[in-house]
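S.K.: Take this structure, written in structure tokens, and hold onto it; I'll ask about it next.
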Amino acid sequence: MNDDNILDRITALVDREHELRGRRADGSLDERTEHHELRAAEGELDQCWDLLRQRRAKRDYGKDPDEGVSRSVKAVESYLQ
220 MNDDNILDRI
230 TALVDREHEL
240 RGRRADGSLD
250 ERTEHHELRA
260 AEGELDQCWD
270 LLRQRRAKRD
280 YGKDPDEGVS
290 RSVKAVESYL
300 Q
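My numbering applies: residue 220 is where the sequence shown begins, and numbers increase by one.
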């Protein structure tokens, strides 16, 4: 997956978040489903941002960005900000 693919996926996930919040606001989606689907989208977003940061860091230090690996949601969500 290259940087453009990752950025496209990030855009799609952000759009998904907005869609879910809009559906919840208009009453076409229940709170439990919204929460479950938002958590999934947010987890994948965290993974995408982590992979993109890895790729950029490797490139900045003269390494192959394709050596970046997608880490688990649990791993990326436990990072300290």
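Quick reminder that beta carbons are idealized off the backbone N, C-alpha and C, glycines included.
First and last residue of the alpha helix (DSSP H) that includes Gly161?
M.R.: Since the first residue shown for the chain is 220 and the last is 300, residue 161 is missing from the structure and cannot be characterised.
S.K.: Can you give the beta carbon distance from Glu250 to Arg243, rounded, assuming they're within the 8 Å contact cut?
M.R.: The count along the sequence shown starts at 1 and reaches residue 250 at position 31. The count along the sequence shown starts at 1 and reaches residue 243 at position 24. So it is a contact: roughly 7 Å between Cβ atoms.
S.K.: Measure the C-alpha to C-alpha separation of Ser291 and Gln266 and round it to an integer number of angstroms.
M.R.: Within the sequence shown, numbered from 1, the residue matching residue 291 stands at position 72. Within the sequence shown, numbered from 1, the residue matching residue 266 stands at position 47. Spanning the two alpha carbons is a distance of roughly 7 Å.
S.K.: Classify Leu226: buried if its beta carbon has 16 or more other beta carbons within 10 angstroms, exposed otherwise.
M.R.: What you label residue 226 is simply residue 7 of the sequence shown in a count that begins at 1. Leu226 should be labelled exposed.
S.K.: By alpha-carbon positions, which one of Arg275, Asp283, Glu256 ends up nearest to Asp234?
M.R.: To locate residue 234, count along the sequence shown from 1; it is residue 15. Per the Cα distances, Glu256.
S.K.: Which same chain residues end up closer than 7 Å to Leu264 when comparing Cβ atoms and leaving out the 5 residues on each side of it in sequence?
M.R.: Here residue 264 refers to the residue found at position 45 of the sequence shown. Around Leu264: Ile229, Leu232.
S.K.: With respect to the alpha helix (DSSP H) encompassing Gly287, which residues constitute its N-terminal and C-terminal limits?
M.R.: Stepping through the sequence shown from its first residue, residue 287 is reached at position 68. Taken as a continuous stretch (DSSP letters only), Gly287 belongs to no alpha helix (DSSP H), as it is neither H nor E.
S.K.: What's the call for Asp269, buried or exposed, on a 16-neighbour Cβ count within 10 Å?
M.R.: Your numbering for residue 269 matches position 50 in the sequence shown. By the 10 Å Cβ count, Asp269 comes out buried.
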